[in-house]
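Numbering (this note's numbering), first residue to last: 152 to 867.
This is the structure in C-alpha cells:
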C-alpha cells in the first residue's frame with residue numbers, strides 16, 4: 152500500500168504523504184523507496200517545475216523513523232547501512248532539479264525534520280501542534296538522515312548542538328526566529344501558500360532559507376576553527392557533567408557534528424552513518440527503545456483486565472484542597488482545557504490556591520510555551536469556592552486534603568451528599584490505603600486512588616490505585632482522565648505504599664543505614680548519581696521533606712517489619728526539627744531562596760557515629776541501594792501489586808528516576824540475569840541479615856533460567 156500520492160497542476164507537483172492504517176507518518180525502508188521512485192517520476196516529467204510535500208494526516212507532518220524497523224538491525228553495520236540509505240535519498244532531494252517546498256503542519260520530528268532540511272523551502276503553520284525536533288538522543292541514537300550535518304548549516308552550530316543534545320521541541324514561532332523554517336502561516340492557507348512559493352522557486356524569484364544572522368559572539372566562535380573548537384569542548388564538558396558518561400549517544404552526536412566541520416561533506420555524512428550504527432548497537436539504546444515501546448503500549452491500556460468498559464465522559468473535575476498538590480492538579484487540568492471547581496475551607500486558602508495555579512501557568516507563559524491568550528483562557532477555567540456549590544454535576548472529584556484518614560472520611564461524607572450517584576471520588580494520597588478511604592463511602596465501588604507525584608506539573612507519572620471493590624468503568628474512566636491530564640498512568644492494586652513509594656523505601660533506607668555506619672553524605676549521593684539516578688538519595692530526602700519520608704517510612708515499617716524499617720539517622724535528624732529544603736535546614740545547606748549548597752557539617756553530630764566517617768567502596772554503595780529496590784519490585788509483582796513487569800519498569804523510571812538507560816528494575820534483572828542478581832542478594836544478605844533475602848519469584852526464575860521479557864522481538 153502506497154504512502155505517497157501525486158497530483159500535478161500548473162507545473163507544480165503535490166506530494167501527499169499519508170501512511171495507510173497508521174495514526175502518524177513515519178519513515179521505513181519501503182517509504183524511502185517510494186520517495187526515490189516519486190523523485191524519479193517528477194524529475195522525468197518536464198512539465199513539473201517544482202513540488203510541495205504535504206501531509207494527509209490531521210496534526211502530524213512526519214513523526215520520524217519507524218522504530219519497529221530498528222529491532223530488525225542485527226548489527227551496527229545494518230544500522231549504518233540504513234543511515235547511508237537515508238543519506239542518499241535526502242541528498243537526491245536536496246540536489247533535485249525540482250525544488251521542493253515542505254509544507255509543515257503538526258509534528259515534524261526526527262527523519263521528518265531531516266527531510267525538511269533537505270527541501271528548498273520550509274513553511275510551517277502557526278499552530279500549537281506544530282513542533283519541530285530531533286529526538287533521536289532520547290532513544291540512545293543520533294540523527295541518522297543528515298541532521299547532524301544540515302542543521303548546523305541552517306541555524307548555526309551552537310543552536311544545532313542544543314537542539315540535538317536536548318532533543319527539545321521547537322515551536323513554530325521560535326523555528327521562524329532561528330531560521331529553522333522560512334515562513335509561518337495560518338493552517339487554512341498552508342497548501343495555497345506552499346504552491347505559491349513553489350511557483351516562485353521555479354521562476355527563480357524566490358530563494359529559500361531565511362537564515363538568522365548570527366550575533367557577534369556566535370560569529371566569532373562559529374566562523375573559525377579555533378572558535379568552533381571552544382564550542383565543541385564546552386559541549387562535551389557540559390554533556391559529561393550532566394550524564395556522567397551514561398548516555399554515549401550525546402558525545403557521539405557532538406563527534407558527528409564536528410566531523411562535518413573538520414573534513415569534506417562526504418566525511419561528515421559517513422561519520423554520522425557510522426556513529427548511528429554504533430549507537431544502535433548499545434545497551435543504552437536498547438533500553439531506551441524498550442521504554443518507547445512500553446509507554447506506547449501503556450497508552451492503549453485501559454487499566455482493566457479482560458473486556459474493558461468504555462470510559463465515562465469527564466468534561467470537568469472538582470479538586471478538594473487548594474494546597475501545593477491540589478493547586479498542581481488544578482493547574483494541569485486547566486492546561487488541558489478541563490474546567491476545575493476548586494474548594495477549600497477558607498477564602499484565604501482558596502485565594503492562595505488560585506494564586507498557586509496562576510504561578511504555574513505564568514511560568515509557562517514566561518517560557519513562551521503558551522501565549523497570553525492561552526494563559527488567560529486556562530486561568531479562567533479554574534474557579535474557587537468554600538462551599539460545595541457547583542459540584543452537583545461534577546463527574547470526578549480529586550481529594551487532595553491533609554493526610555489524615557478522619558479528615559478524608561469527613562470530606563467524603565460531605566461531598567457524597569452533593570455529587571451525582573455515578574460520580575468518581577479519587578483520593579490523592581501517598582500513604583493511606585484506598586480501601587480504608589472507601590470504608591467511609593456509601594458507594595465504595597466509585598472510590599479510587601490517584602497518586603500524583605510532586606511537583607504535579609513536572610512529574611510525569613500517575614499511579615491509579617484500585618481496590619477489589621472498584622468498578623471496572625471507574626478504573627477505565629480514571630485512567631482516561633489521567634492520560635488527558637498528560638500523565639503516564641500505571642494501575643496499581645491497593646497496598647501500603649502502593650508501588651512506587653514501596654520500592655523507593657528500601658532504596659532510601661539503605662542510604663540511611665550507610666549514614667548510620669558513618670559513610671559521608673556526599674559519597675552516598677555521588678555513588679547513586681554515578682549509577683544513573685537524577686539526584687542522590689540523601690538529596691531526595693531533603694527535597695521530599697524528612698517529615699513526609701518519616702511518616703511514609705513508619706507506615707511501611709508497620710506493614711512489612713524490620714525489612715523496611717527506616718534508618719536511625721533519618722529519625723534522629725527529623726527529631727531535631729530539620730525538615731529539608733522547605734525548612735531550609737536538612738542534610739544540606741540552603742540559602743534564603745531555598746537554593747541547595749554543600750553538606751551541612753553540623754548534621755553529623757546528630758548521626759549515630761557522630762563526626763567519625765567510615766569509608767565504603769563506591770561499588771558496594773552502587774550495589775546495596777539499587778539491589779534493595781530491584782528485589783522489592785519483584786516482590787510487588789509476586790504479590791500482584793503491579794500487573795506486569797512493564798508497569799513496574801515504567802513506574803520506577805517515571806516515578807522515581809530509575810536510570811532510563813537501564814530500562815527499569817525488571818529490565819535490569821534480565822540484563823544481568825536472575826541467577827546473578829540472586830547471587831548478589833545472597834552475598835549482601837550475609838553482610839546485612841534480613842534485608843536482602845531474595846524474593847521467592849526471583850529465586851524461582853533464577854532456578855528455571857527465566858526472563859521477565861522475551862529475548863527477541865518487541866520488548867513489550
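A virtual CB, placed ideally from N, CA and C, is assigned to each residue, including glycine.
Query: Coarse secondary structure for residue 783, derived from DSSP in three states; Result: helix
Query: Per-residue burial, residue 665 [other beta carbons within 10 Å of its own, 16 or more giving buried]; Result: buried
Query: Identity of the residues DSSP links to residue 602 by a beta bridge; Result: 614
Query: 7 Å Cβ cutoff met for residue 867 and residue 445; Result: yes
Query: Minimum C-alpha distance to residue 774 - residue among 682, 712 and 498; Result: 682
Query: Residues of its chain near residue 832, where Cβ-Cβ distance is below 7 Å and the 5 sequence neighbours each way are ignored; Result: 778, 782, 843 and 845
Query: Backbone CA spacing between residue 732 and residue 756 [nearest angstrom]; Result: 19 Å
Query: Endpoints, beta strand (DSSP E) assigned at residue 259; Result: 258-260
Query: Segments of 3+ residues assigned as beta strand (DSSP E) that fall wholly inside the segment 273-326; Result: 282-284
Query: Pairwise C-alpha distance: residue 728 and residue 705; Result: 17 Å
Query: Stretch-stretch touch, CB-based, cutoff 8 Å, three pairs: the segment 817-834 with the segment 461-478; Result: no
Query: Nonlocal neighbours in the same chain, by C-beta distance under 6 Å from residue 301, ignoring five residues either side; Result: 268
Query: Residue 492 - DSSP class collapsed to helix/strand/coil; Result: strand
Query: Cβ contact (3+ pairs, closer than 8 Å) linking the segment 279-290 and the segment 222-241; Result: no
Query: Beta-carbon proximity of residue 167 to residue 205, cut-off 7 Å; Result: yes
Query: Inter-residue Cα distance where the pair is residue 737 and residue 687; Result: 14 Å
Query: DSSP beta-bridge partners of residue 644; Result: 617
Query: At least three beta-carbon pairs within less than 8 Å, the segment 181-199 to the segment 384-394; Result: no
Query: Whole-number beta carbon distance between residue 548 and residue 574, since they are thought to touch under 8 Å; Result: 6 Å
Query: Sequence-distant residues of the same chain with beta carbon closer than 8 Å to residue 297, five excluded per side; Result: 237, 238, 241, 242, 265, 268, 269, 420 and 423
Query: Minimum C-alpha distance to residue 567 - residue among 545, 551, 585 and 580; Result: 545
Query: Local Cβ density within 10 Å of residue 828, reported as buried at 16 or more and exposed below that; Result: buried
Query: Identified DSSP bridge partners for residue 556; Result: Partner(s): none; residue 556 has no beta bridge.
Query: Three or more C-beta pairs below 8 Å linking the segment 568-587 and the segment 491-504; Result: no
Query: C-alpha gap between residue 278 and residue 294, whole angstroms; Result: 25 Å
Query: Residue 678 and residue 772 closer than 7 Å at C-beta; Result: yes
Query: Exposure label - residue 595; buried when at least 16 CB within 10 Å; Result: buried
Query: Residue range of the beta strand (DSSP E) that includes residue 747; Result: 747-750
Query: For residue 350, three-class secondary structure by DSSP; Result: helix
Query: Separation of residue 306 from residue 330, as counted between CA atoms; Result: 6 Å
Query: Distance CB(residue 481)-CB(residue 608) smaller than 7 Å; Result: no
Query: Neighbourhood of residue 280 by C-beta distance below 6 Å, restricted to the same chain and skipping five residues each side; Result: 210 and 257
Query: Spatially closest choice to residue 541 from 371, 569 and 812, by CA coordinates; Result: 569
Query: Assigned secondary structure, residue 104 (DSSP; H/G/I helix, E/B strand, else coil); Result: Residue numbering for the chain in the displayed model covers 152 to 867; residue 104 lies beyond these limits and cannot be assessed.
Query: Straight-line Cα distance separating residue 538 from residue 744; Result: 35 Å
Query: Neighbour-count burial assignment, residue 726, 16 or more Cβ in a 10 Å radius; Result: exposed
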